Structure formats: C-alpha cells, structure tokens
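Colleague: First the structure, which I've put down as structure tokens, then a few questions once you've had a look.
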Amino acid sequence: MNRFSHIDLRVKSWEQVRIFYENLLPALGFTRTFHSEKWKVFAAEGELPSVPYFAITEDPGHEPNENLIGFWAHDREEVDRIAELVVRYGGVINSGPRLFPISPTYYAVYFEDPCGNKYEMVHRLN
Numbered sequence: 001m002n003r004f005s006h007i008d009l010r011v012k013s014w015e016q017v018r019i020f021y022e023n024l025l026p027a028l029g030f031t032r033t034f035h036s037e038k039w040k041v042f043a044a045e046g047e048l049p050s051v052p053y054f055a056i057t058e059d060p061g062h063e064p065n066e067n068l069i070g071f072w073a074h075d076r077e078e079v080d081r082i083a084e085l086v087v088r089y090g091g092v093i094n095s096g097p098r099l100f101p102i103s104p105t106y107y108a109v110y111f112e113d114p115c116g117n118k119y120e121m122v123h124r125l126n
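The letter at position 65 of the sequence shown is residue 65 when you use full-length UniProt numbering, and the numbering goes up by one with no holes.
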C-alpha cells in the first residue's frame, strides 16, 4: 500500500501559479479537479478519499523553504518532458535533468514553481 494521501500546498498567489499547476499536475497524473473558492484540488483517477490529491491554497505571507516534494518518473524521457514543461509554464530548473551521484541510475530534475516551492522528478532504474 502506498501510504501517500495528499499534499496541502501554500502559494502566495493562485494567479501567479495557476498556469504552471494546471499543466504540471495533469502531466503527473492528477487529472481530476475539485476547485472551491479557497482550495484548488487536483486528484488522481479513482474515488476520493482513496486516491492521492494535491490541494493548493493562497497564503499571501507564504515563504518557500528547503522542503522538497519528489515524484517518480516512469523513465528518463518523462523526467526530460517534465523539465520542459516546468520551463514552458514559468517554473525554474535548479539542477538537471541529469544523472546524480546518489546512485548509478539516479536521473532527476530539481525545480521550483513560480512561487519558489521545490520539487524533484526522478527515475532510478534502467
């Protein structure tokens, strides 16, 4: 059982990150939306509450920190595709995509959303 349930993410401004997340999250499999005035929710396929979801809310005082959210990639090509999408929709690449010395097959890209929240997309197997 994958014990992951959800992420509650703060951003300074939904309008600042809207295009980024409306493109990134579906590419990561969060294809269903359940938006309200306060929360923008992107869920995986299936029935809530048994599927993972990503919930975003505005907090004008939010300051990003060194926390990082990581996603598995099916292959290196998916890491590359996500890196291109990040740049296209206003994110920032911090490192990669490339092999990292964490293990011989650790291929990843580290990036930030337009508000500075940090992420990683990684593929570890050949």
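Just so it is clear, CB atoms sit at the ideal spot from N, CA and C, and this is done for glycine as well.
Because the structure is a prediction, the values reported are computed rather than measured.
Quick check for students: name the residue ranges of the alpha helix (DSSP H) that lie wholly in the UniProt domain "VOC" (3–124), counting only runs of 4 or more.
Modeller: If we require 4 residues or more, the alpha helix (DSSP H) runs fully inside the UniProt domain "VOC" (3–124) come out as 14–27, 76–88.
Colleague: Quick check: the Cα distance between isoleucine 82 and isoleucine 7, rounded to an integer number of angstroms?
Modeller: When rounded, the distance between both Cα atoms is 19 Å.
Colleague: Quick one: residues in its chain with C-beta nearer than 8 Å to the C-beta of histidine 62, no 5 flanking neighbours on either side, listed in chain order?
Modeller: Here the set comprises Arg10, Val11, Lys12, Cys115.
Colleague: Whose C-alpha, out of Pro60, Phe54, Glu84, is nearest the C-alpha of glycine 70?
Modeller: For the residues Pro60, Phe54, Glu84, the minimum Cα distance to glycine 70 belongs to Phe54.
Colleague: Can you list, in chain order, the residues of its chain whose CB lies under 8 Å from that of tryptophan 39, leaving out five sequence neighbours each side?
Modeller: These residues qualify, in order along the chain: Ala55, Ile56, Thr57.
Colleague: Going straight from the alpha carbon of tryptophan 14 to that of aspartate 113, what length do you get?
Modeller: Tryptophan 14 and aspartate 113: Cα-Cα distance of roughly 11 Å.
Colleague: Buried or exposed: where does phenylalanine 34 fall if 16 or more other Cβ atoms within 10 Å of its Cβ makes it buried?
Modeller: Answer is exposed; the Cβ neighbour count stays below 16.
Colleague: Given the structure, does proline 60 come close to the ligand HEM, in the sense that its CB is under 8 Å from one of the ligand's heavy atoms?
Modeller: The ligand HEM is not among the ligands present in this structure, which contains no ligands whatsoever.
Colleague: Output the distance between the C-alpha atoms of valine 92 and tyrosine 119, rounded to the nearest integer angstrom.
Modeller: Spanning the two alpha carbons is a distance of roughly 10 Å.
Colleague: Taking the alpha-carbon positions, what's the leucine 85 to alanine 44 distance?
Modeller: Spanning the two alpha carbons is a distance of roughly 19 Å.
Colleague: Output yes or no for whether 9 Å exceeds the beta carbon distance between glycine 96 and valine 109.
Modeller: For glycine 96 and valine 109, yes; Cβs fall inside 9 Å.
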